[in-house]
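One structure is given below, encoded as structure tokens.
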Amino acid sequence: MTTRRELLQTAAAVPLAALQRGPDAAGVTALHDSSFDPWIEVSAERLRQNIATISKRVGNRPILAVIKNNGYGLGVENVARVLEPLEAVAGFAVVKLHEAMALRDARVVKPVLLLGPFDPAAELRGMVARGVMPIVYTPIGDAIDRVSKDLQRPVMLHVCVDTGIGRVGVPYRQAPALIKDLAARKSVVIAGTMMTFTEDPAFDPEQLRRFDTLTHDLTVGGVKLGRRHAASSFALFQRPDAFLDMVRPGMAIYGIYSEPAFRTAGIMDLRPAVSLKARVAYVKRLEAGDSAGYERAYRTDKPVWLATLPVGHADGLPRSAASGGRVRIGGALYPIVASISASHTIVEIGDEPRVAIGDVATVFNAEEGSRPEDLAAASKASVYDLTMHLHADLPRRLV
Ligand SMILES: *Cc1c(COP(=O)(O)O)cnc(C)c1O
1 MTTRRELLQT AAAVPLAALQ RGPDAAGVTA LHDSSFDPWI EVSAERLRQN IATISKRVGN
61 RPILAVIKNN GYGLGVENVA RVLEPLEAVA GFAVVKLHEA MALRDARVVK PVLLLGPFDP
121 AAELRGMVAR GVMPIVYTPI GDAIDRVSKD LQRPVMLHVC VDTGIGRVGV PYRQAPALIK
181 DLAARKSVVI AGTMMTFTED PAFDPEQLRR FDTLTHDLTV GGVKLGRRHA ASSFALFQRP
241 DAFLDMVRPG MAIYGIYSEP AFRTAGIMDL RPAVSLKARV AYVKRLEAGD SAGYERAYRT
301 DKPVWLATLP VGHADGLPRS AASGGRVRIG GALYPIVASI SASHTIVEIG DEPRVAIGDV
361 ATVFNAEEGS RPEDLAAASK ASVYDLTMHL HADLPRRLV
């Protein structure tokens with residue numbers, strides 16, 4: 001018999017980093033191909049298709065691909081590698097500085113815009129040295145001068161204007177002074193000027209008017225603003241007047257409709273580029289009166305077959321998916337029952353044992369009925385929560 005200590009030593013022999021990097025890491029391919037652990041599949045072809053669809057929708061304007069938060073869960077480097085060769089993709093936007101640096105470490109060469117904060121004294125120089133553009137909305141011209149002098153090159157940046165969302169961005173009333181100050185410096189190249197919509201259809205037009213007035217007046221005054229951009233996925237559907245010089249979508253690239261109404265609107269045919277899968281860990285028959293799950297959340301008054309999947313809320317599956325979510329196994333959809341625990345999900349198979357241990361279970365993929373939007377709707381969760389909460393440690397397989 002193998003002792004617990006021996007088991008632990010065997011496990012330790014497989015480098016953790018290799019396990020986390022997935023099937024292309026040397027030596028662990030076989031382990032992953034038969035793995036019961038949940039994994040994520042990323043379809044390069046669908047990412048490319050979605051970019052083509054968006055490009056057509058926006059009249060071939062450049063696309064600044066938002067790949068923040070680990071590429072919306074798909075893996076930031078995976079997504080960047082697939083999108084970088086596409087002509088339609090002008091560059092990438094992320095929120096966290098470590099993610100911007102990770103892209104450069106991964107030899108991504110297209111422009112990278114940091115949407116998040118940074119320390120002008122401690123971090124700006126390192127960013128600029130690696131070609132990461134900041135967004136600027138505070139008077140940091142002097143810090144930019146120093147970095148530019150130090151590196152012997154101008155600092156490319158985008159100015160972020162707040163036209164009403166009330167988070168980062170220079171308030172539009174104070175924007176002319178800040179932008180003129182920046183534009184007057186030899187150290188600065190304004191590569192872009194941006195705003196973010198509140199996505200309140202009643203207020204978005206007013207935000208756009210504020211932005212248009214500001215950028216028009218500055219341009220007439222001889223200020224070069226670079227590419228003006230405002231449109232996230234929402235505006236791709238709602239506001240062609242906001243496509244401006246460049247669009248800035250995230251969710252649409254991953255093939256997911258951010259609003260249920262967009263799915264049937266016939267404006268863009270998006271195909272999910274991400275799937276979450278695991279293998280059935282166990283199949284069992286319950287008798288009348290038996291129960292399943294903590295606190296006996298599920299009870300049956302007749303014999304029924306249940307399957308257990310080794311995926312749970314610790315992997316990013318919302319607990320609320322237990323009230324209405326369905327999982328695809330062997331082509332059929334089965335309801336999730338009981339409650340979702342950290343690492344287990346229980347699925348009701350019915351009166352016959354139609355599935356077997358080792359069968360692949362698809363929590364979501366591109367098929368109608370099991371799209372991420374379907375699971376999100378059943379879970380009363382946002383699709384943003386569904387993909388961005390996928391645990392960073394899950395193996396990502398580019399297919
Ligand atoms: C996340 C983000 C986007 C992309 O939003 P989607 O709704 O995913 O298209 C665009 N701009 C900014 C500033 C963002 O933070």
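Take the sequence shown: its position 352, counting from 1, is numbered 352 in the working numbering, and each next residue is one higher. The beta-carbon is built from N, C-alpha and C at its ideal position, and this holds for glycine as well.
Terminal residues of the alpha helix (DSSP H) in which S320 lies:
As a working note, residue 320 is residue 320 in the sequence shown. No alpha helix (DSSP H) contains S320, which DSSP labels as neither H nor E.
Just curious, the alpha helix (DSSP H) that S258 is in, first and last residue?
If you number the sequence shown from 1, residue 258 lands on position 258. Premise fails: S258 is in no alpha helix (DSSP H) and is neither H nor E.
So is I357 buried or exposed if we call it buried at 16+ other beta carbons inside 10 Å?
For this step, residue 357 is matched to residue 357 along the sequence shown. With fewer than 16 other Cβ atoms within 10 Å, it is exposed.
C-alpha gap between G226 and M156, whole angstroms:
The count along the sequence shown starts at 1 and reaches residue 226 at position 226. The count along the sequence shown starts at 1 and reaches residue 156 at position 156. In a straight line, the C-alpha of G226 is about 10 Å away from that of M156.
Integer Cβ distance of R319 from I346, believed to fall under 8 Å:
Position 319 of the sequence shown, counted from the start, is the residue given in the question as residue 319. Position 346 of the sequence shown, counted from the start, is the residue given in the question as residue 346. That belief does not hold up - the Cβ atoms of R319 and I346 are roughly 13 Å apart, past 8 Å.
Give me the residue from G75, P117 and D105 with the minimum Cα distance to V95.
The residue labelled residue 95 in the question sits at position 95 within the sequence shown. Across the set G75, P117 and D105, the C-alpha of P117 shows the shortest separation from the C-alpha of V95.
Helix, strand or coil, according to DSSP, for F197 in the structure here?
As a working mapping, residue 197 is identified with position 197 in the sequence shown. Here F197 sits in coil by DSSP.
With respect to 7 Å, is the separation between the Cβ of M246 and the closest non-hydrogen atom of ligand 1 below this value?
The residue labelled residue 246 in the question sits at position 246 within the sequence shown. Flag unset: Cβ of M246 not near ligand 1.
Please classify L74: does DSSP put it in a helix, a strand, or coil?
Locating residue 74 in the sequence shown gives position 74, where the first residue counts as 1. L74: coil per DSSP, three-state reduction.
At a cut-off of 7 Å, would you count A252 as near ligand 1, judging by its Cβ distance to the nearest heavy atom?
For the purposes of this step, residue 252 is identified with residue 252 of the sequence shown, where counting begins at 1. Indeed, a heavy atom of ligand 1 lies less than 7 Å from the Cβ.
Around the C-beta of Y282, are 16 or more other C-beta atoms found within 10 angstroms, so that it is buried, or is it exposed?
In the sequence shown, the residue the question calls residue 282 occupies position 282. Burial state of Y282 is exposed, judged by a 10 Å Cβ sphere holding fewer than 16 other Cβ atoms.
Of the residues L270, V168, E99 and M251, which one's Cα is nearest the Cα of V383?
Mapped onto the sequence shown, residue 383 falls at position 383. For the set L270, V168, E99 and M251, the Cα lying nearest the Cα of V383 is the one of M251.
Can you find the residues in the same chain that come closer than 8 Å, C-beta to C-beta, to K277, ignoring five residues on each side of it along the sequence?
Position 277 of the sequence shown, counted from the start, is the residue given in the question as residue 277. Counting only Cβ-Cβ distances below 8 Å, and skipping sequence neighbours, we find P38, W39, I40, E41, V360, A361, T362, V363 and N365.
List, from N- to C-terminal side, the alpha helix (DSSP H) runs of 4 residues or more that fit wholly inside the segment 129-181.
Counting only runs of 4 or more residues that sit fully inside the segment 129-181, the alpha helix (DSSP H) segments are 141-151, in chain order.
Note down the Cα distance separating D290 from T308, rounded to an integer number of angstroms.
Here the question's residue 290 lines up with position 290 in the sequence shown. Here the question's residue 308 lines up with position 308 in the sequence shown. Each residue's alpha carbon lies about 15 Å from the other.
Any non-hydrogen atom of ligand 1 within 7 Å of K68 CB
What you label residue 68 is simply residue 68 of the sequence shown in a count that begins at 1. Yes, ligand 1 has a heavy atom inside 7 Å of this Cβ.
What is the DSSP secondary structure of M268, reduced to helix, strand or coil?
Indexing the sequence shown from 1 puts residue 268 at position 268. It is coil, neither helix nor strand.
I think S55 touches I63, with their Cβ atoms under 8 Å apart; what is that distance to the nearest whole Å?
Within the sequence shown, the letter at position 55 stands for residue 55. Within the sequence shown, the letter at position 63 stands for residue 63. S55 to I63, Cβ: 7 Å. Contact.
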